[in-house]
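Residue numbers (the working numbering): 1032 to 1227.
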C-alpha cells in the first residue's frame, strides 16, 4: 500500500512539475495545540499534512479548497487519573474553503483565511493498566466548525513557508459539560509547502 501511495504521489509530482499553472499545493506542518482546553493541556502535536487547490486565481485574490490531516496524542499516558487510563490518539481532518490574498509590492507574502468543518477521530487504547470493567479500545469522533487564518512566505516559485492558526468549535456527547474547555480547540501550525 505504501508503495502504491508513493508511486501515485511521484506520478502527480512529475506530471505537475512541468506545468506553469500552480493551482495545487501540498504542505507538511508541525501542529502545536494551545490554550485552556482539553487538547491544549493534554496533547502534543506530531504532524499535519495538507493539500490546497485554487480554482480561482487573479492578481489580488485566490479562492480554493483545502484539506488537512493531522495527528496529536496525549502526553499523560500511564497516569492514575481516571481520565487518562487510555493512550489516546486524535486524528483531525479539516476540509475548508479558503481565500489567499496577493499583496502588491509584497509578492512573497500571502495572508489567508479559511472556513470549514473539522472532524476529530479519537482512538483510545488501554495503557497497560487493569481496565477489567472498561473496554480495551474506544473509537469515537467529534466534529464542528473550523476557522483558519495564516500567512505564507514564498522562498521560490515552488517552495513556501507558512504559519497558521486553527480555531475549532466542536460538539460534545451527552454527559460531557458543554463548556469552552471541552468545545474550543486552538492549534498553531508551522510548516513548509510545495506548489505543484
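From the three backbone atoms N, C-alpha and C, an ideal C-beta is built for every residue, glycine too.
At the level of alpha carbons, what is the spacing between residue i and residue j?
i	j	result
residue 1143	residue 1076	22 Å
residue 1066	residue 1103	15 Å
residue 1121	residue 1105	8 Å
residue 1155	residue 1117	6 Å
residue 1151	residue 1062	14 Å
residue 1139	residue 1070	33 Å
residue 1091	residue 1187	19 Å
residue 1222	residue 1079	9 Å
residue 1191	residue 1093	16 Å
residue 1179	residue 1123	14 Å
residue 1148	residue 1100	12 Å
residue 1288	residue 1173	Only positions 1032 to 1227 of the chain appear in the structure, and residue 1288 is not among them; the question remains open.
residue 1193	residue 1217	17 Å
residue 1153	residue 1119	7 Å
residue 1185	residue 1145	19 Å
residue 1060	residue 1195	9 Å
Confirm the yes/no value for this check: CB of residue i, any heavy atom of the ligand PLP, distance under 7 Å.
i	result
residue 1119	The ligand PLP is not part of this structure, which contains no ligands at all.
With 16 as the cutoff for other CB atoms within 10 Å, does residue i come out buried or exposed?
i	result
residue 1074	buried
residue 1202	exposed
residue 1209	exposed
residue 1206	exposed
Which residues in the same chain have their Cβ closer than 7 Å to the Cβ of residue i, if we skip the five residues on either side of it in sequence?
i	result
residue 1200	1175, 1176, 1214, 1215
residue 1189	1225, 1226
Does any CB atom of chain C fall closer than 8 Å to the CB of residue i?
i	result
residue 1074	Absent here is chain C; the protein component of the structure consists of one chain.
Tell me which same chain residues have a C-beta within less than 8 Å of the C-beta of residue i, skipping the five on either side of it?
i	result
residue 1096	1083, 1084, 1086, 1126, 1127, 1128, 1129
residue 1212	1067, 1068, 1069
DSSP beta-bridge partners for residue i?
i	result
residue 1118	1156
residue 1175	1149, 1201
residue 1087	1094
residue 1131	1093, 1143
residue 1065	1217
residue 1099	1081, 1125
residue 1226	1056
residue 1105	1074
Can you find the residues in the same chain that come closer than 6 Å, C-beta to C-beta, to residue i, ignoring five residues on each side of it along the sequence?
i	result
residue 1293	With the chain covering only 1032 through 1227, there is no way to say anything about residue 1293.
residue 1134	1140
residue 1055	1084, 1227
Which full runs of the alpha helix (DSSP H) of 4+ residues lie inside the stretch 1178-1216, going along the chain?
1211-1214
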